[in-house]
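So for the sequence shown, the working numbering puts the first residue at 55; every next one is plus one.
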Amino acid sequence: MKKIILALATTALIAGSLSPAYAITASYRAKLERSGCTQLTDADGSCDTSKTRAQNQKKAAAKKSKTATTKQK
Numbered sequence: 055m056k057k058i059i060l061a062l063a064t065t066a067l068i069a070g071s072l073s074p075a076y077a078i079t080a081s082y083r084a085k086l087e088r089s090g091c092t093q094l095t096d097a098d099g100s101c102d103t104s105k106t107r108a109q110n111q112k113k114a115a116a117k118k119s120k121t122a123t124t125k126q127k
């Protein structure tokens, strides 16, 4: 009985380590690459995956300069 349980546990361990687990889909990964976003910036709203990398960089630069102007006052 112990041999059967050990064999099943070993098989489950090997099967679990061989099958890859993907955290995000290929299409979401492509969106992130195209937009220049990360999962964190997409989640906190500071980056928009529906826009291009250039559009997101322009938005970030505008926000950064606005913040710098506000701090100088």
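The beta carbon of each residue, even a glycine, is placed where N, CA and C say it ideally should be.
Treat the numbers as computed from the prediction; the structure is a model and nothing was measured.
query: Which of helix, strand or coil DSSP assigns to lysine 105; result: coil
query: At least 3 beta-carbon pairs within less than 8 Å: the region 74-83 vs the region 58-66; result: no
query: Beta carbon of serine 89 nearer than 9 Å to that of lysine 105; result: yes
query: Proximity winner among Thr103, Gln111, Lys112 and Asn110, relative to arginine 83 (alpha-carbon distances); result: Thr103
query: Sequence-distant residues of its chain with Cβ nearer than 8 Å to glutamine 111 (five each side left out); result: Gly90
query: Contacting residues, own chain, Cβ-Cβ under 6 Å from lysine 85 (five flanking each side not counted); result: Thr103
query: Where tyrosine 82 falls: helix, strand or coil (DSSP); result: helix
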